[in-house]
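Chains as they are written, first to last, in our numbering: chain C, 1 to 307; chain D, 1001 to 1816; chain V, 2001 to 2223.
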């Protein structure tokens, strides 16, 4: 495998116009896209991925305390990029479901974080779809946090930088699977080309439907251009209970990146137009000097109200 | 394990993890495989994804397994015999059993002797004072010798069991079974277990549907069945279900005991229990002075013409080969290969007995190796008292344990403890090579992952030093009966710290004439020319090398046998009793899932658990380890101490009376001195059923030393049903105090929908769950809230095996 | 220490007939807001426009800008508060301002109306009030961008959008303000440097104010 095959050239970077760097691949052929897929049906919530993530990335141990059920941390943190979320749900009819979801960066095709980031090169998207943060360039504004429809990036108050799952770009770039995939004991976390993962996911959804999960779905929302970490969700009818937004949007005309993009265009145009107009006006009308002092003073006194 | 041996001949998971992919239906009970055996459990998911299998989970708690199962029902802890009894009844009443299989491969057709009876919850022969059965009536009716002149050419049949293949004889095992379980109606099951009758019938119907040749059901269990006063009978009851449905010996079927930790199966195989020698040879009893006296009752006599009786006919060879391995040159025919050196214990010396003996001042010293008495044993307060009465205690462990630190633990005054405690830090298994035997009997060699840290020693070094220094002392000073120690054979290249590779070769065994490693236990000799450390492992390290280190992934049958991956005892067989996967003519019950098939010359497929060239026409029985040649629905003689047919009794602490008989508790449990007063007699003071368990984030007690895992599951907690919490005014995360008649613990309340109240008749019973992993010396996870659940558990064990009751006892819960 | 010779005195030494329009402290306040505003404007462009991100480097790097921008906003707001305190009476709309607005077209074409303008004309007052209100809005919408944990994500996005809109408005009016006070009307800029204007300038642009000052009814430079 060559590096080009792993899709490791940069597709785009935050706040950097024309930031793509790929000259290796023939542009007429699509880049190799990779994806993780979490098959929630196979996930037992063992947290092996959570621990493997911390170990591989050398993330520091945090003191935790039981706060609700089996979940280890209330939320992702700068030191915990992968968190198993647990939710006990009573279904219609009284049956119980224990929804367990691996929460970590979904590596959107249209990353809200990247689009929101004002720091050149702080968010990088590779040809293969991995979205990574470059903390060197991060300015700590946390616009990515607001920009992310999945609430993934976390700000560290000590370094004043933002952190999240890198999809183990360091492993992927040497041909290895991400640490969470390697650690998963049941094969619930899969890794491969986006094409293969879609095929697996669609087939699995059909199997789930046959098992009675009529609303089973492959979670790969178009509103963010698709994901590079998809979910097979057995109970699609209660997506929010898994903690997944039903319709995350980054690309819609009414979404923030579109609006702010439009506003930037208006702003830039108006700014240049305004400056230009001022210049033209000046050239046309020039300076307006006051009349000679006596004349001006006389005129001023003429305006004085009489009586 | 004892119950599986009593039923099938060997005490081990009958199939293996990969084989789960061949199952159509899983009944998971007394187990939480998603949580505790996640790596193996993926194969159940594989079966569901690839062959549409379903998973039913029966458990007191809704666990991670329930979350991923197709169906979950809550059962009251400790009532599994009633559950399976109801299933047996349902299967028999509705003719769901696999008739041909039952006749061919089980002892359903065997006729039981006239003296056998069952009344009021007691089998014939009970001695109330001794709390023991005289099992002499639990026997088959035997054939008499043929009259002279009659049937001269007939095969010898004297002493064989009488059979009635029509299954109609009123004393046939089949009819006895029907009669015994007639009481276990769905309504009774509901009243005992708390499973609503209609839900129970639905499950019984569904699992019963595997009683046809083209479907295979799999019963998966673990210590949720084992850790009860009637644990071995629960397993027996489940095994009977599997035999009736014809699910034994078949790919995708089986009684699959999930073993804990990485190497518990290897532990059992190599005589971790007091009553066995390596390879499940019995420990001799008093009176068995000679090998002949030992062999005759201990081994199994042939009881049917069809019985190969492999174990019975080879017992002597295995025993003598073992003695040769232990005593080397000095073991000779003239001295009976030093058989006399083997201890002949006069009573049950289960490890619970140790502490009772220590408490009574009759036991003076104890080694803990890979074991921590205080937190692994039940009723920790009692164990601490017992340890306080010792003269010395040696703890060999990579980390300090609750036992090495017991003398200054909570509530213990060091000044009052005279025990001298030695802590010998050892290497961890990560730091050394060796073999792990997984649940499915795959013996897999592993390599050291890390160099040993600090001033630690291998267990092998410590044990060798013990031996060598004792030998030196005996040589110098003499002493009483030094021979077994002085004659012990220690033939290692480094006697001070034997390489485990050499120990493994010794376990495999060799031919002492040629010096060659043995390839199969069929080469074992009874003349002292073979030495075998553990006959069931023969074949694991042959002249071809270390078979356990193989990593071949070829699977020609596609059934997941993987014969070139590591090595599986016995003889690299992957599915035990696989002859039962075929009918009388050697044709597989299901052609898509053949275990072994007779091809006209030989049995093909898996390594046959059978004589490879014995044609079906010879009519040999599929269960070569039993004298009957078939599997035992009825366990005759003293195979089980508490009954030949499983019967429901209440746990020693139970909120209700026994609905099924006036005999409330298992009649044969050992009542150690002074323990009877430590049991709650009813639910007046301690109204809630407690059960203990493990969570996936931790491995027993040791991972409290792993910071990332403590982070993943930080605090000791008590799982409470919402309804109980409301009743007691307890909110989620409140500190609660849980007390039993023996002790109390305090922890964080985890109020959950996953624990549900049960309705037993007119009574509502709450169950609470308490995980085991925390202990006060627990490294990163220690602290005030790191408490040991075994402070609560009762000091009582199984009626046959004396395995402690960890899974059902009574407690009270209050806000702290 | 000798008495300081002020900018106004120096200017009048050179041209004795100058009138003082803005005193020292008024000029300080004005330039305080000017500088903070310029910083906010440029750093705002740097943060808001990827093609202007190079400005970040000129301003000490993105991390510095991220740190300084909110504090500059606070500084700017303080300036606004002083401006309100100092100019509130002069900036109050009067009936005469109606005349100016009616003649806005003429003002744009010729740079003059015959309104009897006081110290500030209606356009200046409008700009003043726009700056105050706009400044407050920028402050309020800036807080969630400064401390993103305060509000939910959607609110932060809305705040960021609004901040951008008001920033553009401020930038646009600034161009007008600077153009008028430098290029368009000679003699104006000095009122914010030395603080003085010529009598002709005062009489022409602010006749009513001029008459009061000329008659000595009002102290020069008073607001």
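For every residue, glycine included, the Cβ atom is placed at its ideal position computed from N, Cα and C. Note that this is a predicted model, so its numbers are computed, not measured.
Does DSSP put residue i in a helix, in a strand, or in coil?
| i | result |
| --- | --- |
| residue 1344(D) | coil |
| residue 1678(D) | helix |
| residue 165(C) | coil |
| residue 85(C) | strand |
| residue 2195(V) | coil |
| residue 1501(D) | helix |
| residue 90(C) | strand |
| residue 193(C) | strand |
| residue 230(C) | strand |
| residue 72(C) | coil |
| residue 1187(D) | helix |
| residue 272(C) | helix |
| residue 1568(D) | strand |
| residue 1036(D) | helix |
| residue 253(C) | coil |
| residue 1088(D) | helix |
| residue 1605(D) | strand |
Using a Cβ cut-off of 8 Å, pull out every chain C residue sitting near residue i, in sequence order please.
| i | result |
| --- | --- |
| residue 1717(D) | 66 |
| residue 2199(V) | 293, 296 and 297 |
| residue 2210(V) | 297 and 300 |
| residue 2184(V) | 282, 285, 287 and 288 |
Considering only DSSP beta bridges, list what residue i is partnered with.
| i | result |
| --- | --- |
| residue 1103(D) | Note: residue 1103(D) sits in no beta bridge, so no partner. |
| residue 1582(D) | 1588(D) |
| residue 1257(D) | 1221(D) |
| residue 1118(D) | 1123(D) |
| residue 1631(D) | 1106(D) |
| residue 1545(D) | 1542(D) |
| residue 1419(D) | DSSP lists no partner for residue 1419(D). |
| residue 1392(D) | 1365(D) and 1420(D) |
Considering residue i, what are the terminal residues of the alpha helix (DSSP H) in which it resides?
| i | result |
| --- | --- |
| residue 1176(D) | 1173–1181 |
| residue 2038(V) | 2024–2048 |
| residue 2076(V) | 2062–2087 |
| residue 1692(D) | No alpha helix (DSSP H) contains residue 1692(D), which is instead part of the beta strand (DSSP E) from 1688–1693. |
| residue 352(C) | Residue numbering for chain C in the displayed model covers 1 to 307; residue 352(C) lies beyond these limits and cannot be assessed. |
| residue 1443(D) | Element bounds for residue 1443(D): not the alpha helix (DSSP H) but the beta strand (DSSP E), 1442–1446. |
| residue 1601(D) | Unbroken run through residue 1601(D): none, as it is neither H nor E. |
Name the chain C residues whose beta carbon is nearer than 7 Å to that of residue i?
| i | result |
| --- | --- |
| residue 2156(V) | 146 |
| residue 2099(V) | In chain order: nothing, as chain C lies at least about 11 Å away. |
Buried or exposed, going by whether 16 or more other CB atoms sit within 10 Å of the CB of residue i?
| i | result |
| --- | --- |
| residue 1599(D) | exposed |
| residue 1481(D) | exposed |
| residue 1(C) | With a pLDDT of 41 at residue 1(C), under the threshold of 50, the predicted position of this residue should be treated as unreliable, and no value is reported. |
Below 9 Å on C-beta distance, what does residue i contact in chain C?
| i | result |
| --- | --- |
| residue 1604(D) | Within chain C, no residue comes near residue 1604(D); the closest Cβ sits about 31 Å away, beyond 9 Å. |
Identify the contact partners of residue i in chain V, using a Cβ-Cβ distance below 9 Å as the criterion.
| i | result |
| --- | --- |
| residue 168(C) | Within 9 Å Cβ-Cβ: nothing; residue 168(C) doesn't reach chain V, min ~26 Å. |
Could you name the residues of chain V that residue i contacts, counting a contact when the two beta carbons are closer than 8 Å?
| i | result |
| --- | --- |
| residue 275(C) | 2175 |
Determine the chain D residues that contact residue i at a beta-carbon separation under 9 Å, and present them in chain order.
| i | result |
| --- | --- |
| residue 47(C) | 1696, 1697, 1709, 1712 and 1713 |
Looking at the unbroken beta strand (DSSP E) that takes in residue i, where does it start and where does it end?
| i | result |
| --- | --- |
| residue 1369(D) | 1365–1369 |
| residue 1574(D) | Careful: residue 1574(D) lies outside any beta strand (DSSP E) and carries neither H nor E. |
| residue 1057(D) | 1054–1058 |
Name, please, each residue of chain D whose Cβ falls closer than 7 Å to the Cβ of residue i.
| i | result |
| --- | --- |
| residue 272(C) | Neighbours of residue 272(C) on chain D: none; closest Cβ ~54 Å, over 7 Å. |
| residue 91(C) | Within chain D, no residue comes near residue 91(C); the closest Cβ sits about 11 Å away, beyond 7 Å. |
Using the beta-carbon of each residue, which ones in chain V are nearer than 7 Å to residue i?
| i | result |
| --- | --- |
| residue 115(C) | In chain order: nothing, as chain V lies at least about 10 Å away. |
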